[in-house]
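Residue numbers for the sequence shown follow the numbering used here, so the first one is 399 and each next one is one higher.
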Amino acid sequence: MNLKLSTRLDGVAESATLKMNAAARELSAKGVKVYNLTAGEPDFPVLAPVKEAAIGAITGDFNKYTPVNGTLELRKAISKKFLKDNALEYAPEDVIVSAGAKQDIFNFLLAVVSPGDEVIIPGPYWVSYPDMVKLAGGVPVTIDAPASHGYKITPEQLKGALTKRTRAVILNSPSNPTGGVYSRAEQAQLAKVLEGTDAWVVSDEIYEKLVYDGEFASFASLSSDAFARTLTVNGFSKTYSMTGWRLGYAAGPKKLIAAMALLQGQSTSGASSIAQKAALAALELPDGAFRPMVEAFRKRRDRMAEIFSQGGGNFSFVRPAGAFYFFLNVERAYGKSYNHDQLIAGSDDMAFYLLNTAHVGTVAGKGFGADDCLRLSFAVSDAEVEEGSKRIVEAVEKLK
399 MNLKLSTRLD GVAESATLKM NAAARELSAK GVKVYNLTAG EPDFPVLAPV KEAAIGAITG
459 DFNKYTPVNG TLELRKAISK KFLKDNALEY APEDVIVSAG AKQDIFNFLL AVVSPGDEVI
519 IPGPYWVSYP DMVKLAGGVP VTIDAPASHG YKITPEQLKG ALTKRTRAVI LNSPSNPTGG
579 VYSRAEQAQL AKVLEGTDAW VVSDEIYEKL VYDGEFASFA SLSSDAFART LTVNGFSKTY
639 SMTGWRLGYA AGPKKLIAAM ALLQGQSTSG ASSIAQKAAL AALELPDGAF RPMVEAFRKR
699 RDRMAEIFSQ GGGNFSFVRP AGAFYFFLNV ERAYGKSYNH DQLIAGSDDM AFYLLNTAHV
759 GTVAGKGFGA DDCLRLSFAV SDAEVEEGSK RIVEAVEKLK
């Protein structure tokens with residue numbers, strides 16, 4: 399018997415973030431105290447009004463299927479949010495609610511990418527972007543954005559990557575993994591390059607509220623041309639600390655949203671009814687409700703920067719302007735070894751060295767397209783940030 403799997407899985411890798419988080423949890427399950435800096439989820443609890451709305455949905459028997467694209471009530475609320483926060487005017491029928499922002503991006507790629515089409519992805523990039531493009535039959539085309547430019551691509555780089563096969567460009571600001579934030583002016587220059595092309599834009603804005611330096615701007619708000627070609631993606635996982643609720647949303651041109659809804663109707667159908675009721679309460683929270691979390695993240699970021707700046711010259715980094723990740727360059731330690739013959743040749747080696755010897759969980763930069771770095775999450779307690787960072791410094795100093 400020769401039971402085969404689909405060839406569409408060829409070349410698709412396991413998520414690097416999930417892999418390292420699982421390894422850290424496995425070590426922790428053995429009784430080892432692990433300082434886990436891998437997870438991309440806030441350590442803050444879901445706020446009380448959101449929990450109460452979910453409980454109310456359960457006790458009120460709001461537990462049946464919802465429309466594939468989300469309840470009208472929630473889509474209206476999302477439309478209001480876009481207008482208030484982003485100066486974007488989307489009608490409820492221009493909005494889709496899904497089981498996480500990740501599903502929105504995957505639905506988009508399935509809806510617009512045909513075999514052989516190219517999707518431009520600035521790197522370092524979120525680990526799932528290239529593999530989702532591959533699963534959709536497309537070809538990921540990465541543009542390396544250097545640290546010297548804040549890990550942000552230039553208009554010249556974007557222009558040089560465009561071809562007749564370019565179907566879409568994925569932009570993520572604030573960025574996972576670098577924390578880079580494109581200013582309005584920087585995005586406007588990129589938007590100008592795309593004018594006259596047939597390229598869609600996915601603007602992944604999931605970390606929108608987590609900006610510490612500079613400004614946040616929605617790509618679709620730059621011009622009428624940008625609005626017409628952009629799918630704006632967001633969700634409730636990061637700002638609202640609702641990672642396990644699996645609820646995201648996106649807005650864009652009606653024909654695109656209709657195509658994404660068609661696909662979703664044949665896969666997962668509508669998102670959780672209870673999570674959608676909770677999301678309504680989340681959207682009604684005042685901006686001030688998130689200030690304590692944002693300020694805590696800012697403090698942790700600054701403390702990480704202080705510790706690694708004093709790391710004996712073994713590290714370099716670009717201070718993240720947003721999100722909750724620290725992208726630490728550790729290539730100065732490559733070529734060194736431990737236990738006499740264990741060589742550190744890249745970020746995978748470094749990540750497992752730190753986990754097994756210093757008991758600090760990090761994510762290798764290789765999966766993000768930057769093998770010279772590690773991604774560290776500061777969406778963990780102050781104590782974990784402090785001790786985990788210090789242990790990394792000490793562990794690297796021990797390499798010979």
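C-beta: ideal position from N, C-alpha, C; glycine also.
Of the residues the options, the one placed nearest residue i, counting alpha carbons only
i: residue 624; options: 641, 569 and 657; result: 569
i: residue 534; options: 550, 522, 512 and 543; result: 512
i: residue 405; options: 632, 489 and 532; result: 532
i: residue 753; options: 432, 573 and 437; result: 432
i: residue 469; options: 594, 650, 673 and 457; result: 673
i: residue 479; options: 493, 467 and 608; result: 493
i: residue 541; options: 554, 529 and 530; result: 554
i: residue 678; options: 402, 401, 477 and 407; result: 477
i: residue 781; options: 755, 565, 699 and 584; result: 699
i: residue 436; options: 518, 423 and 448; result: 423
i: residue 747; options: 426, 769 and 689; result: 769
i: residue 544; options: 576, 537, 567 and 681; result: 576
i: residue 726; options: 773, 651 and 465; result: 773
i: residue 728; options: 717, 745, 738 and 739; result: 745
i: residue 680; options: 797, 472 and 578; result: 472
i: residue 586; options: 556, 561 and 560; result: 556
Alpha-carbon to alpha-carbon, residue j and residue i
i: residue 509; j: residue 787; result: 42 Å
i: residue 794; j: residue 712; result: 8 Å
i: residue 592; j: residue 735; result: 47 Å
i: residue 662; j: residue 653; result: 14 Å
i: residue 666; j: residue 506; result: 15 Å
i: residue 750; j: residue 607; result: 32 Å
i: residue 443; j: residue 450; result: 13 Å
i: residue 615; j: residue 463; result: 35 Å
i: residue 702; j: residue 440; result: 17 Å
i: residue 516; j: residue 523; result: 16 Å
i: residue 460; j: residue 684; result: 25 Å
i: residue 741; j: residue 762; result: 16 Å
i: residue 691; j: residue 467; result: 30 Å
i: residue 411; j: residue 765; result: 9 Å
i: residue 487; j: residue 789; result: 48 Å
i: residue 529; j: residue 785; result: 34 Å
i: residue 613; j: residue 456; result: 39 Å
i: residue 514; j: residue 596; result: 16 Å
i: residue 583; j: residue 482; result: 21 Å
i: residue 622; j: residue 416; result: 38 Å
i: residue 551; j: residue 520; result: 7 Å
i: residue 500; j: residue 602; result: 10 Å
i: residue 636; j: residue 564; result: 30 Å
i: residue 427; j: residue 732; result: 30 Å
i: residue 791; j: residue 709; result: 6 Å
i: residue 798; j: residue 641; result: 40 Å
i: residue 697; j: residue 689; result: 12 Å
Residues that DSSP places opposite residue i in a beta bridge
i: residue 609; result: 720
i: residue 569; result: 601
i: residue 433; result: 758
i: residue 564; result: 516
i: residue 541; result: 520
i: residue 494; result: 648
i: residue 773; result: 725 and 761
Beta-carbon separation (whole angstroms), residue i vs residue j, contact threshold 8 Å
i: residue 620; j: residue 634; result: That pair is no contact at about 25 Å.
i: residue 715; j: residue 706; result: 6 Å
i: residue 599; j: residue 617; result: 6 Å
i: residue 605; j: residue 496; result: So it is not a contact: roughly 18 Å between Cβ atoms.
i: residue 775; j: residue 438; result: 6 Å
i: residue 525; j: residue 757; result: Actually they do not touch by this definition, with Cβ atoms about 23 Å apart.
i: residue 503; j: residue 567; result: Actually they are not in contact, since the Cβ atoms of residue 503 and residue 567 sit about 13 Å apart, beyond 8 Å.
i: residue 719; j: residue 610; result: 6 Å
i: residue 594; j: residue 628; result: Rounded, the Cβ-Cβ distance is 16 Å, inconsistent with contact.
i: residue 687; j: residue 445; result: 6 Å
i: residue 759; j: residue 434; result: 4 Å
i: residue 549; j: residue 538; result: Not confirmed; about 17 Å, so no contact.
i: residue 448; j: residue 676; result: 5 Å
Residue i at chain C interface by Cβ criterion, 9 Å
i: residue 616; result: This model lacks chain C altogether; it includes just one protein chain.
(request) Tell me the start and end of each unbroken alpha helix (DSSP H) in the region 605-682 that is at least 4 residues and wholly inside, in chain order. (result) Unbroken alpha helix (DSSP H) stretches of 4 residues or longer found wholly inside the region 605-682: 622-627, 652-663 and 671-681, given in chain order.
(request) Could you tell me which uninterrupted beta strand (DSSP E) segments, each at least 3 residues in length, are contained entirely in the region 697-752, listed from first to last along the chain? (result) 723-727, all fully within the region 697-752.
(message) Please give the ranges of any alpha helix (DSSP H) in the region 445-501, keeping only runs that are unbroken, at least 4 residues long and fully inside the region.
(response) Complete alpha helix (DSSP H) runs here, min 4: 446-457 and 470-484.
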